[in-house]
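Participant:
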Amino acid sequence: MGKNLALNLADHGYRVAGFDLDKDKVQDVLATEAKERPDSVDEARIIGCDNIKQMLDMLVSPRVIVVLVPAGNPVDAVCQNLIEAGLNPEDIVVDCGNSQWTDTIRRESEYKDQFKFFGTAVSGGEVGARFGPSLMPGGDADSWKYLQPMWESVAAKVDANGKPIETRTPGQPVKEGEPCTAYLGPNGAGHYVKMVHNGIEYADMQLICEAYHLLRSLLGYEPAEIGKLFEKWNQGVLNSYLVEISADILQQYDAKTGAPLVDMILDSAGQKGTGRWTSISATQMGVPAGIISESVYARALSTLTAEREKASSFLTADIDVSEIDAQAVEQAIENALYCAKICAYAQGFQLMRAAQAEYDWELNFIGIAKIWRGGCIIRASFLQKIADAFEKNHELENLLLDEYFANAMAEKQKGLRDAVVLAAQSGIPTPSFYSALAYFDGYRSEVLPANLLQAQRDYFGAHTYERVDAAPGAKFHTHWQEENRPETKVK
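Read in numbering that gives the first Met the number 0, the sequence shown has 430 at position 431, and its numbers run on one by one without any break.
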């Protein structure tokens, strides 16, 4: 990531001084730049340094130091090394790693007398870093004004219709279009938004995998057939980077065995923790984000390979599936995928709205949707619809309350219901589809059984409850163990 971001900066005319503890990595960057610009008579735009002090001496204050190291203690170690090497209070240290937003809040406060700490989350992987990522900055507003021209130049670009303008040609960067970056707020705002982005990414990926699983298990389609179907879906409302690459993956064959490559890959999924952070944050703030959480749990369940192998012959399922209409099932799964995707994004944006209140941020939800349209892993054409929804109503509480998305759910929800029924009848695990339907039905329910739950809590723990015929906020307790069970007003 660091190498490719340095090359991206160089493509846009910036001179970069770089340092890495692994000197081979520094030489690799220099060799790559020389290879990409063999005929250039210009002075080298990337300079390798032997130590941090040499790197600082090559820069003019206010210096901009971009840090790309693993999240956690390594970031603080780099900050201390920079201070010892002579960093000035006006210098800006930009953390471009996947740091937890609480660490970014702490660091901005902790280092404020030594330098300006600024967070900028990066999405798009190595290719995105090289040719245009989605950048999610958060920190001091004055620092953003200084960084803005640089970040806007290297960020991914979209055209007037919100479609990504893509290039993979070194030395020929995209300079026209709307940049996929915008100031998101103070301290940890950028890293928080990136965390939610990654949580949505977990959900998006899991939903696509569940659609693949249903098509393969119910209809007996081969991976390449499903890949072709995904290509077709990618021409419609499901158009996205993740559907595009899934179509490509499913049509790839293993050079060693000739089998579909996906069949040769162990079904045990890894994770780096940002999806888990999203789930934890949602739980702490009382925001329903079940699709994201189920996607995290699905990865955890996949790692129980030996246990699942044992359980497959020990646990049985009572499966009853009637004759299936392949075309109808295809349509149902396509609609299910779109409905569940809408619900996942609704949860993500609802979580960011809660965080805005919790941390006293003023998040720009229009801007967030727009900067995710290009460069990032969850880039999708329907993000323009999300931006449109917030432009129509800046105070929109939930995407499901927007006219476009409400109509889409009304039109396509039968597919989600049918897919969940078929999965249940067939014994096919689709936890994120289940969760999406439960969320949708729960959110649209005027009355939920939480009244019984509150009575249970009051029964065993005297936790009190509110009455539907009393003023909001008034608390009551029934003395369940006393004769005649009298009720008293507690508050």
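Yeah, the Cβ is synthetic: ideal placement off N, Cα and C, and Gly gets one too. Since the structure is predicted, the reported quantities are computational estimates derived from the model, not experimental observations.
According to DSSP, P259 sits in a beta bridge with which residue or residues?
Facilitator: In DSSP, P259 forms a bridge with Y252.
Participant: Give the range of the beta strand (DSSP E) segment to which G137 is assigned.
Facilitator: Segment 133–137, the beta strand (DSSP E) holding G137.
Participant: What did DSSP end up calling W488 once you bin it into helix, strand or coil?
Facilitator: One point to set straight first is that residue 488 is Lys, not Trp, in the sequence displayed. Note: K488 maps to strand in three-state DSSP.
Participant: Tell me whether N97 is buried or exposed, calling it buried when 16 or more other Cβ atoms sit within 10 Å of its Cβ.
Facilitator: Counting Cβ neighbours within 10 Å, N97 comes out buried, since at least 16 surround it.
Participant: Does the contact criterion of 3 or more C-beta pairs under 8 angstroms hold for the segment 427–436 versus the segment 286–294?
Facilitator: Yes, the segment 427–436 is in contact with the segment 286–294.
Participant: What do you reckon, is the C-beta of I51 under 8 angstroms from a heavy atom of the ligand GTP?
Facilitator: Among the ligands in the structure shown, none appear at all, so the ligand GTP cannot be discussed.
Participant: Pull the bridge partners of I91 from the DSSP assignment, please.
Facilitator: DSSP output for I91 lists V63, K115 as bridge partner(s).
Participant: For A335, report the span of its alpha helix (DSSP H) as first-last.
Facilitator: Here the alpha helix (DSSP H) through A335 covers 325–358.
Participant: Determine, using beta-carbon pairs with one atom in the segment 313–329 and one in the segment 273–287, whether at least three such pairs fall under 8 angstroms.
Facilitator: Output reads no: the segment 273–287 does not touch the segment 313–329.
Participant: Identify, in the order they occur along the chain, each residue of the same chain with its Cβ nearer than 6 angstroms to the Cβ of C179, setting aside the five sequence neighbours on each side.
Facilitator: Excluding positions up to five away in sequence, the list reads S133, A154, A155, I370, G373, G374.
Participant: In whole angstroms, give me the CA-to-CA distance for K488 and Q455.
Facilitator: Approximately 17 angstroms, taken between the alpha carbons.
Participant: Would you list the residues sitting across from K156 in a DSSP beta bridge?
Facilitator: K156 is bridged to I164, P178.
Participant: Span of the beta strand (DSSP E) holding T273?
Facilitator: First-last for T273: 273–284, but that is the alpha helix (DSSP H), not the beta strand (DSSP E).
Participant: Excluding sequence positions up to five away, which residues of its chain have a Cβ less than 7 angstroms from the Cβ of D27?
Facilitator: Cβ within range, chain order: K2.
Participant: Express the C-alpha separation of D266 and L260 in angstroms, rounding to a whole number.
Facilitator: So the alpha carbons of these two residues sit roughly 12 angstroms apart.
Participant: Kindly identify the DSSP beta-bridge partner or partners of V121.
Facilitator: According to DSSP, V121 bridges with L134.
Participant: Consult DSSP for H491 and reduce its assignment to one of helix, strand or coil.
Facilitator: With the chain covering only 0 through 490, there is no way to say anything about residue 491.
Participant: On the DSSP bridge list, what partners appear for T477?
Facilitator: Paired residues: E486.
Participant: Contact between the segment 54–73 and the segment 94–114 is defined here as three or more beta-carbon pairs at a separation below 8 angstroms; is this criterion met?
Facilitator: Counting Cβ pairs under 8 angstroms, three or more are found: they touch.
Participant: Restricting to Cα atoms, I'd like to know which of P169, E89, I46, Y337 is closest to N406.
Facilitator: Taking only the C-alpha atoms, the option nearest N406 is Y337.
Participant: So, for V195: in the same chain, excluding its five sequence neighbours on each side, which residues have a beta-carbon less than 7 angstroms away from its beta-carbon?
Facilitator: Excluding positions up to five away in sequence, the list reads T277, G347, L350, M351.
Participant: Among residues of its own chain, excluding the 5 on either side of T519, which ones have a beta-carbon nearer than 8 angstroms to its beta-carbon?
Facilitator: Residue 519 is absent from the model: the chain starts at 0 and stops at 490.
Participant: Going by DSSP, what residue range makes up the alpha helix (DSSP H) through V419?
Facilitator: Counting along the chain, the alpha helix (DSSP H) containing V419 begins and ends at 402–425.
Participant: Counting C-beta neighbours from all protein chains within 10 Å, is the total for P448 16 or more, i.e. buried, or is it exposed?
Facilitator: That one is exposed.
Participant: Give me the residue from T31, L314, G85 with the minimum Cα distance to L55.
Facilitator: Checking every option, the nearest Cα to that of L55 belongs to G85.
Participant: By the DSSP assignment, the alpha helix (DSSP H) with A299 in it spans what residues?
Facilitator: First-last of the alpha helix (DSSP H) with A299: 289–301.
Participant: Could you check which residue in Y145, G235, V59, I225 has the C-alpha nearest to that of Q251?
Facilitator: Of Y145, G235, V59, I225, the residue nearest in Cα terms is I225.
Participant: Exposed or buried, what is W479 when buried is set at 16 or more other beta-carbons lying within 10 Å of its beta-carbon?
Facilitator: The residue is exposed, with fewer than 16 neighbouring Cβ atoms inside 10 Å.
Participant: Going by Cα to Cα distance, which pick from T304, L249, L217 is closest to E230?
Facilitator: Out of T304, L249, L217, L249 has the C-alpha closest to the C-alpha of E230.
Participant: Any idea what DSSP makes of Y464, helix, strand or coil?
Facilitator: If DSSP states are grouped into helix, strand and coil, Y464 belongs with the strands.
Participant: In the DSSP assignment, the alpha helix (DSSP H) including V192 goes from what residue to what residue?
Facilitator: First-last of the alpha helix (DSSP H) with V192: 188–218.
Participant: Specify the secondary structure class of G170 as computed by DSSP and reduced to three states.
Facilitator: Correct three-state label for G170: coil.
Participant: Can we say the segment 357–366 touches the segment 182–202, given the rule of at least three CB pairs closer than 8 angstroms?
Facilitator: Flag = yes, the segment 357–366 and the segment 182–202 touch.
Participant: Does I377 pass the burial test, meaning 16 or more other C-beta atoms within 10 Å, or should it be called exposed?
Facilitator: Buried: at least 16 other Cβ atoms inside 10 Å.
Participant: Would G137 pass as a contact of V92 if the rule is Cβ separation under 9 angstroms?
Facilitator: Cβ atoms of G137 and V92: not closer than 9 angstroms.
Participant: So A345 and L398 are supposed to be a Cβ contact under 8 angstroms. How far apart are they, rounded?
Facilitator: Yes, A345 and L398 are in contact; Cβ-Cβ is about 4 angstroms, under 8 angstroms.
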